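**Q** Just add 1332 to wherever you are in the sequence shown, counting from 1, and you've got the working numbering.
Glycine is no exception: its CB is placed at the ideal position from the N, C-alpha and C atoms.
Because the structure is a prediction, the values reported are computed rather than measured.
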Amino acid sequence: DVVPVSLPNWIEEECAPCCCEHRYSPCVLWSSFCSWFVRRLEIFFGCFGEGIAKYPLFVIPVCLVFVSICSVGFVWLNVEIRTVKLFIPQDSQAVLDLDLAEEYFRLKVREEIVLLVSAPDSRNVLNRDCLKQALQAHEEVVKLTSYSKLCATLSGDVAESAEKCMMINPLEVFQFNERELNVSDSQIQANITNPNLTVMRNGRPYQYNFGRMFGDVTKESGDVTGAKALQMVYFLRDPSKEEANTEVLEWEKTFIDKMTSLADTLSCFKVYYSSERSLDDAISESSGSDITLVSITFTLMITFACVMLGKFLNPLTGHSLLANAGVFAVALGILAGFGLAMWCRVPFVSMVGVLPFLILGIGIDDMFILVDELDRQQKSLTVIETVKEVMARSGATITMTTVTDLVAFAVSTSTSFPAIRYFCVYAALTVTFSYLMIVTYFVAIMSYDVRRIKAGRRDCLPFCRAPPPKENESAWDEPRPQVSNKLMNAWAKFLTHPATKVVVIIFSLASLAAGIYGATVIDESFDRRILAKDDSSLKKFLSAQEQYFKSTIPVSIVVTGNVDYGESSVQDDLKNLANIVTSNKYYENTNLSWIDTFSKYAQAYKKNIEGSNFTRELKEFLNFGQFSYFKQDLKFSDDNTIKASRIIGVMKDTTRSTDQKNAMLTLRQDLSDKSKLDAFPIARPFIFFEQYAIISRETLTNLLIAALAVLVVTSPFLLDCTVTILVVFNFVALVLELFGLMVLWDVSLNSVSMINLVMAIGFAVDYSAHIAHAYVMSDKETANERVVDALSTLGASVFMGGFSTFLGMIVLAFAASEIFRIFFRMFLGIVLFGLLHGLCILPVYLSLFCWRPAVTRPLGTRVSVESLPEEVAPENEAVDGESCGKGVAEGLNRSRDLGSASSNEGFELTEQEKVLDGKVDEQQPLKANDESGKEGTDEAGKHGSESTETGESSAHVQVERDPSAEQDPVTEESKKDTSDTFLSEETMSETSTKF
1333 DVVPVSLPNW IEEECAPCCC EHRYSPCVLW SSFCSWFVRR LEIFFGCFGE
1383 GIAKYPLFVI PVCLVFVSIC SVGFVWLNVE IRTVKLFIPQ DSQAVLDLDL
1433 AEEYFRLKVR EEIVLLVSAP DSRNVLNRDC LKQALQAHEE VVKLTSYSKL
1483 CATLSGDVAE SAEKCMMINP LEVFQFNERE LNVSDSQIQA NITNPNLTVM
1533 RNGRPYQYNF GRMFGDVTKE SGDVTGAKAL QMVYFLRDPS KEEANTEVLE
1583 WEKTFIDKMT SLADTLSCFK VYYSSERSLD DAISESSGSD ITLVSITFTL
1633 MITFACVMLG KFLNPLTGHS LLANAGVFAV ALGILAGFGL AMWCRVPFVS
1683 MVGVLPFLIL GIGIDDMFIL VDELDRQQKS LTVIETVKEV MARSGATITM
1733 TTVTDLVAFA VSTSTSFPAI RYFCVYAALT VTFSYLMIVT YFVAIMSYDV
1783 RRIKAGRRDC LPFCRAPPPK ENESAWDEPR PQVSNKLMNA WAKFLTHPAT
1833 KVVVIIFSLA SLAAGIYGAT VIDESFDRRI LAKDDSSLKK FLSAQEQYFK
1883 STIPVSIVVT GNVDYGESSV QDDLKNLANI VTSNKYYENT NLSWIDTFSK
1933 YAQAYKKNIE GSNFTRELKE FLNFGQFSYF KQDLKFSDDN TIKASRIIGV
1983 MKDTTRSTDQ KNAMLTLRQD LSDKSKLDAF PIARPFIFFE QYAIISRETL
2033 TNLLIAALAV LVVTSPFLLD CTVTILVVFN FVALVLELFG LMVLWDVSLN
2083 SVSMINLVMA IGFAVDYSAH IAHAYVMSDK ETANERVVDA LSTLGASVFM
2133 GGFSTFLGMI VLAFAASEIF RIFFRMFLGI VLFGLLHGLC ILPVYLSLFC
2183 WRPAVTRPLG TRVSVESLPE EVAPENEAVD GESCGKGVAE GLNRSRDLGS
2233 ASSNEGFELT EQEKVLDGKV DEQQPLKAND ESGKEGTDEA GKHGSESTET
2283 GESSAHVQVE RDPSAEQDPV TEESKKDTSD TFLSEETMSE TSTKF
């Protein structure tokens, strides 16, 4: 049964100024829920820590066994390096169109390319000596084992010899015969200008292939006089069966090895080469080349943690051994996360290689928070009590930061890009398990560290006792002020200066404006070179190809369906397809149209090509040698009807992703709007252009979903609506500023950088949420004081968390792969902007927009009653002093546990209020002895009449808390001390007197 609960009046008073005047406003309900939720988390983590501290010898082996079981997943390690399976949306329109077109026409072929660029001392390669060396390279390729068996042919059958293999080769002009090259250079150039050649081995005219064979051509009066590069393209079949694919991959490996050895033997050329597998190999190389950086990172993080936690001037309370255990705990989490992902058969991709660097920073951040809280504990507590308090006060905090990162990765697993999906699965699992190892394995080790301290043993040498401190010095385990907190206090006071606030606001708005501009002009290209190492042969080849050859792309306009090609109107529609293509501004004014050529042929030879004559005349047309290349553009069925046909358009030379995307999308739209036929454009590069078409939408969708999810996770910890809005504003500003930074650093928006933007969500909220939460929970009166208090308390921890994350990623700046360096640059921006917002911009905005009493009033640290309620009025002649005293005690207890402020109807809780407030009097009782109660009664009666005479109807009660009173008591003596601290007889007497 649902018991109706009346909200405590102190909650309503707390929220009324910032929300509305209604008794049960949404803000009241939300604040009540947040307080209840946070307190429940504190209780849970306190009990959780207590259990671990009691049984560390059970927890540690369980963690190790669990990680060992997960690690078995490495047996199913599956490294996915195929580009088409990683960076291409698998359900995109281009993929579907390519599969459909492949049923009729050969579009899926593997290209093996040899690019010969003139050496520095030879500026023209169109001479006898250089062409003979090019012929030598060609012969080395065709002599490779199984070439004729694996090469692609126009018929689709296995080639009987290398002469039947498809290729684009400038040496075909000379019939691959060295004797044809024994002529003058001028004759060679004349033969290239006007070759005795109509159709080449790829089934296309010579002029159609010219741009792919000769690079940086010079002409005089229309005659070719020179060129600086030659390109030879060999086509292999792209098998669907795994066994055949393995054989092709082996041949390509042999091809690469042969070209590598040939590079030093050709004096005329610099040799560049690329195979269909080259990009996959480059990804694989970049995955393993920087593995040594992982060991460097672990060493760096261990050193950093030991230095920060070691306290080398204090032989007792340092935590250098505990720091090593923290790094080891994170390593266990990474191992378990990777293993479980492989258990689930999630492919391993190269980008996952950055996760150890990232997760180390996150895990070390959690470790610092726990150890920082450990150092705040009173030395009088037992080991179990200490661990319990540490987890109760820090467990919820590190959980919030972990869940924000986890949610950001989890929601991004729904993306269309497989590489991002795989990365986010690994990231979500490693974040989760690293967190679990920190709150279990590390906390268990921490309990032993507490035992060591209480036993008076050294940090680095726990089997030796620490020496006593010098005379007139405090004990080793006495809490001491931290230099970092003093620095943050000075920084906070500087921020609260009015002039500083003006500068910060102007800077934040300017950076936001720059970010918005960057988001509108950011490039969306995906340069394949970022996937390769700097010294990769593929990277060198792509750069040379871009320098010497145009990037024109042949595009097939495919017509399928039940089409009557004998109809005159249908033939007109087919001719119109070429006009549609050439009228598009992204395409050249040339095309290969079989229907146009066939119509001209029929007109020249007076042929009737309508009705039943169409097929017969078409067959005769295709048998002419000069028109035979059109055979590959028509697909006949068994009954000699045409199942599919195509014409070829040519996309203009461009490397801009925006133009490539628009060329694909606009042609699709033109064909849909202007053609009556069922036609669609397709080229193999279209599958890569698809990412340009959807990357903006995918990024925006992922950012919005992740931001919403993270907001839901963090809002219960922020309590106040305005504070939550400011945190969201800072998060949005940070993401936009990252766009501006990407433009400045020439980082394109693609699937790689999108991963970093998703990660930025979690980190941006982490840095801001800590400070915002500390601001709300501060016990200071004014907004500026609360800013100083929040930064002094958590500013140093937030800074160290950001610095540890940066330190974990800094080695990526020296990675051999550009993709890893992009990760470093993006994370540098995330950390810098995150710390800038969390430690500078957000505090200023909080002090300006969250100055209301509802926010600036102390929460959970003091009780302030501004006026007496109507019930305590002169006409109430008798006031029960004992009830009043107990009410004050309960109000104090409730304020401490749930973050209360004041009450409008007295301090005594109803049963329903106790249910809502999560009463914890059984855990931390506040004792008010009978004597003080009596004294309070007498004093209340006496001064009650005085109040009646003077007509006073208000009072102010303020009770400060002692930090030691918040510790969980475990002995009768400590209970008595706690009770006396919170509610001494003197305080009770003074309180009752004022009432």
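#1: Taking the beta carbon of S1553 as the centre, do at least 16 other beta carbons fall within 10 Å, making it buried, or is it exposed?
#2: If contact is defined by three or more beta carbon pairs under 8 Å, each pair taking one atom from either stretch, is the region 1914-1921 in contact with the region 1938-1956?
#3: Which same chain residues, not among the five before or five after P1421, have their C-beta less than 8 Å away from its C-beta?
#4: For the 8 Å Cβ check, are there 3 or more pairs between the region 2085-2103 and the region 1735-1747?
#5: Can we say the region 1769-1788 touches the region 1453-1468, given the rule of at least three CB pairs closer than 8 Å?
#6: Examine the Cβ distances between the region 1833-1848 and the region 1407-1421 and report whether three or more of them are shorter than 8 Å.
#7: Buried or exposed: where does Q1468 fall if 16 or more other Cβ atoms within 10 Å of its Cβ makes it buried?
#8: Leaving out five residues before and five after C1402 in sequence, what residues of the same chain have Cβ atoms less than 6 Å from its Cβ?
#9: Between the C-alpha atoms of R2000 and S1888, what's the straight-line distance to the nearest angstrom?
#10: To which residues of the same chain is H2105 closer than 7 Å at the C-beta, ignoring the five residues directly before and after it?
#11: Hey, L1448 and F1601 are a contact pair by Cβ (cut 8 Å); roughly how many whole angstroms apart?
#12: Kindly give me the distance between the Cβ atoms of G2072 and A1846, rounded to whole angstroms, as I take these residues to be in contact under 8 Å.
#13: Quick one: what does DSSP say G2268 is sitting in, helix, strand or coil?
#14: Quick one: Cα of R1861 to Cα of A1776, how far?
#15: Are N1817 and S2124 closer than 9 Å when you measure CB to CB?
#16: Quick check: the Cα distance between S1944 and L2009, rounded to an integer number of angstroms?
#17: Does the distance from the CB of F2018 to the CB of D1570 come in under 9 Å?
#18: Between which two residues does the beta strand (DSSP E) carrying R2118 extend?
#19: Assign Q1709 to buried or exposed, taking buried as 16 or more other Cβ atoms, counted over all protein chains shown, within 10 Å of its Cβ.
#20: Do you know offhand how far F1968's Cα is from D2005's?
#21: Cutting at 6 Å between CB atoms, please list the residues of its own chain near C1483, excluding the five before and the five after it.
#22: Does P1537 come out as helix, strand or coil in the three-state DSSP assignment?
#23: Tell me the DSSP secondary structure of E1412 in three-state form.
#24: With 16 as the cutoff for other CB atoms within 10 Å, does S2110 come out buried or exposed?
#25: Give the straight-line distance between the Cα atoms of C1407 and W1675, rounded to the nearest whole angstrom.
#26: Going straight from the alpha carbon of L1418 to that of A1751, what length do you get?
#27: Give me the DSSP bridge partner(s) of L1966.
#28: Residues in its own chain within less than 6 Å of A2145 by CB, not counting five upstream and five downstream?
#29: Can you give me the start and stop residues for the alpha helix (DSSP H) that Y2024 sits inside?
#30: Would you kindly check if the distance between the Cβ of L2089 and the Cβ of L2164 is under 9 Å?
#31: When you compare only the Cα positions, how much space is there between Y1540 and V1531?
#32: Roughly how far, in whole angstroms, is the beta-carbon of R1753 from the beta-carbon of V1580, given that I think they are within contact range, below 8 Å?
#33: I'd like the span of the alpha helix (DSSP H) that includes E1471, first residue to last.
#34: Starting from the Cα of F1563, find the closest Cα among Y1880, S1869, E1942, L1664 and give me that residue.
#35: Since S1766 and I1384 are thought to touch, with beta carbons under 8 Å apart, how far apart are those beta carbons, to the nearest angstrom?
#36: Span of the alpha helix (DSSP H) holding Y1780?
**A** If we stick to the structure as given:
#1: exposed
#2: no
#3: V1427, S1748, F1749, E2022, Q2023, I2026
#4: yes
#5: no
#6: no
#7: exposed
#8: A1668, G1671, L1672
#9: 12 Å
#10: F2049, L2050
#11: 4 Å
#12: 4 Å
#13: Because the pLDDT at G2268 is just 42, under 50, the model does not fix this residue reliably, and the point stays unresolved.
#14: 47 Å
#15: yes
#16: 21 Å
#17: no
#18: Note, R2118: premise wrong, no beta strand (DSSP E); alpha helix (DSSP H) at 2115-2122.
#19: buried
#20: 28 Å
#21: A1491, C1497, L1568
#22: strand
#23: coil
#24: buried
#25: In the sequence as displayed, the identity of residue 1407 is Val instead of Cys. Rounded to whole angstroms, V1407 to W1675 spans 8 Å at the Cα level.
#26: 5 Å
#27: S1977
#28: F2156
#29: 2018-2050
#30: no
#31: 10 Å
#32: At roughly 27 Å, the Cβ-Cβ gap does not stay under 8 Å, so R1753 and V1580 are not in contact.
#33: 1460-1474
#34: In the sequence as displayed, the identity of residue 1563 is Gln instead of Phe. Q1563 has its Cα closest to that of Y1880, out of Y1880, S1869, E1942, L1664.
#35: About 17 Å separates the two Cβ atoms, so there is no contact after all.
#36: 1775-1786
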